[in-house]
Amino acid sequence: MPDKPTSEPDGLAPGTPRDKGAGSEKYKERGVILRVFVYVIAGHVFAGFLWLLFYVGAHSHK
1 MPDKPTSEPD
11 GLAPGTPRDK
21 GAGSEKYKER
31 GVILRVFVYV
41 IAGHVFAGFL
51 WLLFYVGAHS
61 HK
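FYI, UniProt numbering numbers position 46 of the sequence shown as 46, with every residue one higher than the one before it.
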């Protein structure tokens, strides 16, 4: 156990990304594409839930 704990594991200098491509444009582009995909899926699930609520509400016997 070291006497002085380091903030960065494996002897990396502070601010050095773990992944060699972590700061690259390709890495950021992949993150944006993933985020857009998740938002589109979540938006469709939410819209489907709203549609289901209106459908059930319109067909309920009051």
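Glycine included, each C-beta is placed from N, C-alpha and C at the ideal position.
Cα-Cα separation between residue i and residue j, rounded to whole angstroms
{"i": "residue 54", "j": "residue 24", "result": "45 angstroms"}
{"i": "residue 35", "j": "residue 41", "result": "10 angstroms"}
{"i": "residue 26", "j": "residue 33", "result": "11 angstroms"}
{"i": "residue 56", "j": "residue 13", "result": "58 angstroms"}
{"i": "residue 46", "j": "residue 59", "result": "20 angstroms"}
{"i": "residue 30", "j": "residue 38", "result": "12 angstroms"}
{"i": "residue 61", "j": "residue 52", "result": "16 angstroms"}
Residue range of the unbroken alpha helix (DSSP H) whose run includes residue i
{"i": "residue 28", "result": "25 to 58"}
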